[in-house]
Amino acid sequence: MKRIIYQTNEGGVAIIVPADCGLTIEEIAAKDVPAGVAYSIVDVADIPTDRTFRNAWEMT
Amino acid sequence: MITLNGTTGITTPDIDSIAGFDGEDLTGDVAAARITGALNATGSAPIYACRAWVNFNGTGTVAIRASGNVSSISDTGVGDYTVNFTTAMPDVSYSMVCTVKGIAGTIFGLGGENHDMTRTASAIPVSSVRRDNGASYDTDQFNVSVFR
Chain A
415 MKRIIYQTNE GGVAIIVPAD CGLTIEEIAA KDVPAGVAYS IVDVADIPTD
465 RTFRNAWEMT
Chain B
572 MITLNGTTGI TTPDIDSIAG FDGEDLTGDV AAARITGALN ATGSAPIYAC
622 RAWVNFNGTG TVAIRASGNV SSISDTGVGD YTVNFTTAMP DVSYSMVCTV
672 KGIAGTIFGL GGENHDMTRT ASAIPVSSVR RDNGASYDTD QFNVSVFR
């Protein structure tokens, strides 16, 4: 399973969770990532599951 | 194999007279009464279908359990998500229904449209907050339905 991540205008990290909708993850990224924003496609295992400090997450 | 040559003398039965068939089976047209009947709807009030829906887990590994006309959800922070539609609504005047599971200890949760963000025809931002103190929290049952 994959996730799409990008940095928000507020400095945080947004994580896009794809639905089973018939689109590829690349198509979902093209559609659902804000225009002009750089993004990465990562494995779901790379996303922390402990959300205690979720609002402090940063992209590295 | 039988080949029909010409039209003289060929007759067909009235489809409506055959048990289990009627004219709709040939034309593809479906009477409104059959649709409302299939939906168990009585009375004459019109029916408006749900145009998009999603049930997702907003805790741990955030994941969509099931959805319709939703391409993804964007997890943007504690209790904050955006539901992205696969096919956009006709405009932004749609109605959204949102429910969330509360917190252990009989603390109710409230789900709704995020005031700080703007809905579009293709996405709606939603949030979950604690009813007792208004703080954002993650819930394992987030449900959103959209009507237009």
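Sequence order for the protein chains is A and B. Throughout the first sequence, residue numbering follows the working numbering, covering 415 to 474 in sequence. Throughout the second sequence, residue numbering follows the working numbering, covering 572 to 719 in sequence. We treat Cβ as the ideally placed atom computed from N, Cα and C, and that holds for glycine.
Assignment of beta-bridge partners to residue 652 (chain B) by DSSP yields B:646 and B:697. Interface residue (Cβ-Cβ distance to chain B less than 8 Å): residue 469 (chain A) is classified as such. Look at residue 670 (chain B) here: in three-state DSSP terms it is strand. Neighbours of residue 426 (chain A) in chain B, taken as residues at a C-beta separation under 9 Å, are given in chain order as 647 and 648.
Within the model, the alpha-carbon separation for residue 613 (chain B) versus residue 607 (chain B) is close to 7 Å.
For residue 705 (chain B), no Cβ of chain A is located within less than 8 Å of the residue's own Cβ.
Distance from the CA of residue 652 (chain B) to the CA of residue 590 (chain B), rounded to the nearest whole angstrom, comes to 53 Å.
Counting C-beta atoms within 10 angstroms of its own C-beta, residue 623 (chain B) has 16 or more neighbours from the protein chains shown and is therefore classed as buried. In the structure shown, residue 605 (chain B) adopts helical secondary structure according to DSSP, grouped into three states. When Cβ pairs closer than 8 Å are counted between the two stretches, the stretch 581-588 of chain B is seen not to touch the stretch 651-667 of chain B, the count staying below three.
Contact annotation: the stretch 659-672 of chain B does not touch the stretch 454-468 of chain A, with fewer than three C-beta pairs closer than 8 Å. Interface residue (Cβ-Cβ distance to chain B less than 8 Å): residue 456 (chain A) is not classified as such. Counted as a single uninterrupted DSSP element, the alpha helix (DSSP H) harbouring residue 439 (chain A) occupies residues 439-446. With respect to residue 674 (chain B), residue 636 (chain B) sits apart: the two C-beta atoms are not nearer than 8 Å.
At a Cβ-Cβ threshold of 8 Å, residue 717 (chain B) and residue 660 (chain B) count as neighbours.
Within the DSSP bridge table, the entry for residue 421 (chain A) names A:427 as partners.
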